[in-house]
Amino acid sequence: MPITGVVNPNHCVEEWIDDRVDIIFYERFFIWEIASGNYLVRNTEFGINFLKSWGEFEFTQPILILKAVMLDAWHEAENSDEVWYNATGYETYLKYVSCVKQMLGATRLWPGKVRIYRRAHGWVRDGHLTNDKKELAAFERQQGKRCPFQARPLMYISMPDIGACYPFCDNKTWEIS
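Using my numbering, the first residue of the sequence shown is number 73, and each one after it goes up by one.
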C-alpha cells in the first residue's frame, strides 16, 4: 500500500529544489507533521552529516531537525524528546508533533540548512488522499480546463505512457476507481 502518491507527473522534482538550502522537507496533509519518508538532500557536508545523524537513530526518535536548524535549542528539543518518549498512542504522538511545530514556529526556511514546504506545497501527497492507489494527480490543468476525472483517485490498469496520457485525459490506460 503506497504511503505517498505523485502530485503531478508533468512537473519535475527539480522544481522543488531551493538553492538556498541543503535539505528540503514538506509538511504532511494529515497531521501537519514534517514528512520523513520523502525529502531532498544536496550532496554537501551539512546534508551528508544530517543524513548520517538521522540514520544513526534507527530505533529512537530524536528531534534532529530542531537540533539542526536551532543550534541553541537543546533544552527545547529535549522537552519535545521527553514528550516522544512518554507517548503511548496516537493522541500523545500528536502532542509530540505539536511540540516540535511550536518550537520551529512559523519559520520554514533556514538558509544554508533546511526548507520545509508548507502543507499542500510539496511534491507528493499522503497515500490516504489518493485512496492508497498509485495515481496521477487530479490537480492537473490543461489550457484552463480541468481533466474529466474531476479530482477522483485513479489507478493503473497498465503502466501508462505519460506522453500519451497528458494533456489528453481520456486515454484508455486509466480507469476511474
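Ideal Cβ positions, reconstructed from N, Cα and C, are used throughout, including at glycine.
Fair warning: this is a prediction, and the values are worked out from it, not measured in the lab.
Proximity of residue i and residue j at Cβ, strictly below 9 Å
i, j, result
"VAL169", "ILE96", "no"
"LYS167", "VAL155", "yes"
"PHE122", "ALA140", "yes"
For residue i: DSSP bridge partner residues
i, result
"LEU181", "ARG187"
"PHE97", "ILE188"
"LEU138", "LEU138 pairs with nothing; no bridge assigned."
"LEU112", "ILE96"
"ILE106", "GLU99"
Nonlocal neighbours in the same chain, by C-beta distance under 7 Å from residue i, ignoring five residues either side
i, result
"ILE188", "PHE97, TYR98, GLU99, ILE106 and ARG180"
"LYS244", "Its pLDDT being 47, under 50, LYS244 is placed unreliably in this model, and the value from its coordinates should be taken loosely. Hits under 7 Å: none found."
"TYR111", "ILE95, ILE96 and PHE97"
Contacts around residue i, its chain only, beta-carbon distance under 8 Å, and the 5 residues preceding and following it disregarded
i, result
"PHE116", "According to the sequence as given, residue 116 is Thr; it is not Phe. The residues are ASP94."
"ALA192", "PHE101"
"GLU148", "LEU138, MET142 and MET175"
Neighbourhood of residue i by C-beta, 6 Å cutoff - its chain only, sequence neighbours within 5 removed
i, result
"ILE89", "none"
"ARG92", "PRO183"
"GLU163", "none"
"VAL85", "TRP195"
"GLU87", "none"
"GLU128", "none"
"ILE120", "none"
"PHE275", "Residue 275 is absent from the structure shown; the chain starts at 73 and stops at 249."
"ALA159", "TYR165 and TYR168"
For residue i, the nearest candidate out of the options (CA to CA)
i, options, result
"LYS173", "GLY127, MET142 and ILE120", "MET142"
"MET175", "THR160, ALA159 and ILE137", "ILE137"
"LEU108", "GLY119, PHE118, TRP126 and ARG114", "At residue 108 the sequence reads Ser, which differs from the Leu that was named. That would be TRP126, whose Cα lies nearest to the Cα of SER108."
"ASP153", "ALA178, GLY161 and CYS171", "CYS171"
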